[in-house]
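Numbering (my numbering), first residue to last: 93 to 266.
Shown next, in structure tokens, is the structure this report addresses.
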């Protein structure tokens, strides 16, 4: 079975109903240089008049999409209901992808669009970290087990710094 790299889901909001060409170019560049592979990308925009525009794309072939759907569905099913859940989840995942449902139904998209204020947009991207595949395989070959992982944005670190400063200030006043 082909190894799947780490997957990341990112949701980004914009206070405009259009995405800049710079964002499109940077996304294209990291896709072309092999850093990431887009599993599913959905762009939803609401113009000033409240009209909704959507665009969805993937880098996967139909066969790859079915494989991803089966693997992801199987893992979710395994966690939910053990071995029987894994089998059912793999089947459901493959069928959903075969029907071009890469995770968000039209009703999910409508709910998202309804929540967007006029003249704004959202970009939802599920992507695979291709750059990490060989590292992941080396870890697996060494019997390594993932114990924890996470992403910390610079903005989150700034928030931690602000909280630490407030704690220090409170301690000094006490």
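Virtual Cβ for every residue (Gly too), placed ideally from N, Cα, C.
Around residue 181, the same chain offers 165, 166, 168 and 169 as residues with beta carbons nearer than 6 Å, after the five sequence neighbours per side are excluded. Rounded to whole angstroms, the gap between the alpha carbons of residue 147 and residue 226 is 32 Å. Secondary structure at residue 141: coil, using DSSP grouped into helix, strand and coil. Per DSSP, residue 218 lies in no alpha helix (DSSP H) segment; the continuous beta strand (DSSP E) that holds it begins and ends at 212-221. Taking residue 245 as reference, the option from 253, 257 and 239 with the minimal CA-CA separation is 253. Judged by their CB atoms, residue 107 and residue 130 are not nearer to each other than the 8 Å cut-off. Annotation for residue 101: the continuous beta strand (DSSP E) segment containing it runs 99-106. Between residue 140 and residue 210, the C-beta gap is smaller than 8 Å, which places the two residues in contact. Under the 10 Å beta carbon count, residue 104 is surrounded by fewer than 16 other beta carbons and is classified as exposed. Counted as a single uninterrupted DSSP element, the alpha helix (DSSP H) harbouring residue 248 occupies residues 246-265. As the crow flies, the alpha-carbon of residue 178 is around 8 Å from that of residue 171. Taking the CA atoms as reference points, residue 263 sits about 23 Å from residue 248.
For the pair residue 161 and residue 96, the Cα-to-Cα distance works out to about 12 Å. Here the alpha carbons of residue 250 and residue 266 stand approximately 24 Å from one another. Closest by C-alpha distance to residue 188, out of 259, 174, 154 and 215, is 154.
For residue 113, the uninterrupted alpha helix (DSSP H) run begins and ends at 113-124, by DSSP. The way I'd put it, the segment 122-137 does touch the segment 216-236; three or more beta-carbon pairs between them come closer than 8 Å.
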